[in-house]
Amino acid sequence: MATKPGSIVHVELHSADPVKSKAFYGEVFGWKFQEFPELNYFMWKAPNDPAGGLMKVMEGRPPQVLNYILSRDIDVTSRQIAASGGVIIQPKMEIPGQGWWALFQEPGGTMMALYENLTRPRAAPRPKRAAKKAKRAGKKRK
Numbered sequence: 020m021a022t023k024p025g026s027i028v029h030v031e032l033h034s035a036d037p038v039k040s041k042a043f044y045g046e047v048f049g050w051k052f053q054e055f056p057e058l059n060y061f062m063w064k065a066p067n068d069p070a071g072g073l074m075k076v077m078e079g080r081p082p083q084v085l086n087y088i089l090s091r092d093i094d095v096t097s098r099q100i101a102a103s104g105g106v107i108i109q110p111k112m113e114i115p116g117q118g119w120w121a122l123f124q125e126p127g128g129t130m131m132a133l134y135e136n137l138t139r140p141r142a143a144p145r146p147k148r149a150a151k152k153a154k155r156a157g158k159k160r161k
């Protein structure tokens, strides 16, 4: 099933010591890590989705967990956030080869991120349409 917009699709850990954090999560929870040294970043995979990343905390910010929420269109969602009392902290930025992200703070103070795929997410096909399409395809083969 396709992931629906509004779902948390990535969890990023901002750590004061990523090497110690990596060892901890691997040892305690069995998470698997892939290092991207050119980005000073680790991708991690837990037993279930979502997966995530691990990086050194940004200067001037405390260690935190940053959840990424799937958006069909970051520009539209950013306007909705602002209209609902949220603040866009980091406007839409490209993640080369993957999509886009933006950082926001909701009215209660929680920081979250938006993520938009390079190809926009589509709704899953409706069962009736999929069944009709399969039936038509079967008739064409005969």
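Yeah, the sequence shown ends on 161 if you go by my numbering, and it's all consecutive. Using N, Cα and C, we set each Cβ at its ideal position, and we do this for glycine too.
Please state if the CB of E125 and the CB of W119 are separated by a distance shorter than 8 Å. Working through the sequence shown from its first residue, we reach residue 119 at position 100. Working through the sequence shown from its first residue, we reach residue 125 at position 106. Not closer than 8 Å, so no.
With the cut-off set at 8 Å, would you say S40 and L85 are in Cβ contact? Position 21 of the sequence shown, counted from the start, is the residue given in the question as residue 40. Position 66 of the sequence shown, counted from the start, is the residue given in the question as residue 85. It is not a contact, given that the beta carbons lie outside the stated cut-off.
Helix, strand or coil for E54? Go by DSSP, reduced to three states. Position 35 of the sequence shown, counted from the start, is the residue given in the question as residue 54. Note: E54 maps to strand in three-state DSSP.
Please report the Cβ distance between H33 and Y134, rounded to the nearest whole angstrom; I am assuming they are in contact, meaning their Cβ atoms lie under 8 Å. To locate residue 33, count along the sequence shown from 1; it is residue 14. To locate residue 134, count along the sequence shown from 1; it is residue 115. H33 to Y134, Cβ: 16 Å. No contact.
With 16 as the cutoff for other CB atoms within 10 Å, does G71 come out buried or exposed? Counted from its first residue, the sequence shown places residue 71 at position 52. By the 10 Å Cβ count, G71 comes out buried.
Buried or exposed: where does F123 fall if 16 or more other Cβ atoms within 10 Å of its Cβ makes it buried? As a position in the sequence shown, residue 123 is number 104, starting the count at 1. Under this definition F123 is a buried residue.
Please go through the same chain and pick out, in chain order, the residues whose beta-carbon is closer than 6 Å to the beta-carbon of I93, but skip the five residues on each side of it. Position 74 of the sequence shown, counted from the first residue, corresponds to residue 93. K111, W119, A121, L133 and E135.
Go to G72, then tell me how far its beta strand (DSSP E) extends in each direction, as first and last residue. Along the sequence shown, read from residue 1 onward, the residue named residue 72 stands at position 53. Run containing G72: G71 to K75, per the beta strand (DSSP E) assignment.
For the beta strand (DSSP E) containing A121, name the first residue and the last one. Taking the first residue of the sequence shown as 1, we reach residue 121 at position 102. From DSSP, the beta strand (DSSP E) with A121 extends over G118 to Q124.
CB contact flag (V76, P82, <8 Å): Stepping through the sequence shown from its first residue, residue 76 is reached at position 57. Stepping through the sequence shown from its first residue, residue 82 is reached at position 63. In contact: V76 and P82 (Cβ atoms closer than 8 Å).
Taking C-alpha atoms, which residue in Y87, A42, F48 and Q53 lies nearest to S26? Here residue 26 refers to the residue found at position 7 when the sequence shown is read from its first residue. Comparing Cα positions, the closest option is Y87.
Exposed or buried, F61, counting other C-beta atoms within 10 Å across all chains shown (16 or more means buried)? Here residue 61 refers to the residue found at position 42 when the sequence shown is read from its first residue. With 16 or more other Cβ atoms within 10 Å, it is buried.
Which word fits I108, buried or exposed, when buried means at least 16 other C-beta atoms lie within 10 angstroms of its C-beta? Counting from one through the sequence shown, the residue named residue 108 turns up at place 89. I108 should be labelled exposed.
Endpoints, the alpha helix (DSSP H) within which A101 is located: Here residue 101 corresponds to residue number 82 of the sequence shown, with the count starting at 1. Segment I93 to A102, the alpha helix (DSSP H) holding A101.
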